[in-house]
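Residue numbers (our numbering): -16 to 126.
Here's the structure, in structure tokens; my notes come after.
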Amino acid sequence: MLNASSHTLKILSALFWYIGGIVLIFKGSRLVFEANELRPDQIWPLMAIIAGILLGGFKAIFLFSKGCQKNIERIDALVQPKIWEFFRLRFFVFLLLMIITGATLSKLAHNNYPLLIGVAVLDFSIAIALIGSSYVFWTNKNL
């Protein structure tokens, strides 16, 4: 029951990757806009975007792309894949913890300029890493 093809699981995995990246870009943008409203004469909001892009690029190349590849290999090894197996259970737990942590940090950052900048860098870096590493899904021969 609820079996799925490995192709479907890879597509779901890629969609999660993209949705996460897009959500984090919007979240990071809101934080940068708030920081800019607090101190419009500062260059730090722009620096947060640049730093997030640079850090995210490194994460995409050296960390996230390897994780994508391992997940694709894991999916290919499943005998009778279930629809929810596009990520491991521990990844879903980790994702939940990351969402809770991110939401908490964003609330704490409200009206706190340095924290707004810091959380924006974090959000942009993860967003770029997710989107930047997604090429692994599309270069996979079996997708």
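Quick reminder that beta carbons are idealized off the backbone N, C-alpha and C, glycines included.
The structure presented is a predicted model; accordingly, all values stated were derived computationally and were not measured.
- Taking the CA atoms as reference points, Gly115 sits about 16 Å from Phe9.
- In the structure shown, the three-state DSSP call for Asn19 is helix.
- Sequence-distant Cβ neighbours of Ala(-3) in its own chain, meaning closer than 7 Å and more than five residues away, are Ser117, Phe120.
- By the criterion of a C-beta distance shorter than 6 Å, Ala43 is surrounded in its chain by Ala112, Gly115, Ser116, once the five residues flanking it on both sides are discounted.
- Taking 8 Å as the upper bound for CB-CB distance, Ile55 and Asn123 are in contact here, some 5 Å apart.
- Note that the C-beta distance between Pro97 and Ala(-13) is not below 8 Å.
- The Cβ atoms of Gly50 and Phe107 do not sit closer than 8 Å to each other.
- Of Glu68, Arg73, Phe77, the smallest CA-CA separation from Leu(-5) is found for Glu68.
- Your pair Ser(-11) and Leu61 checks out as a contact, with CB atoms roughly 6 Å apart and the cut at 8 Å.
- Proximity to Phe70 across Ile82, Ala31, Arg57 peaks at Arg57, based on C-alpha coordinates.
- By a beta-carbon distance limit of 8 Å, Ala92 contacts Leu14. Their separation comes to about 6 Å.
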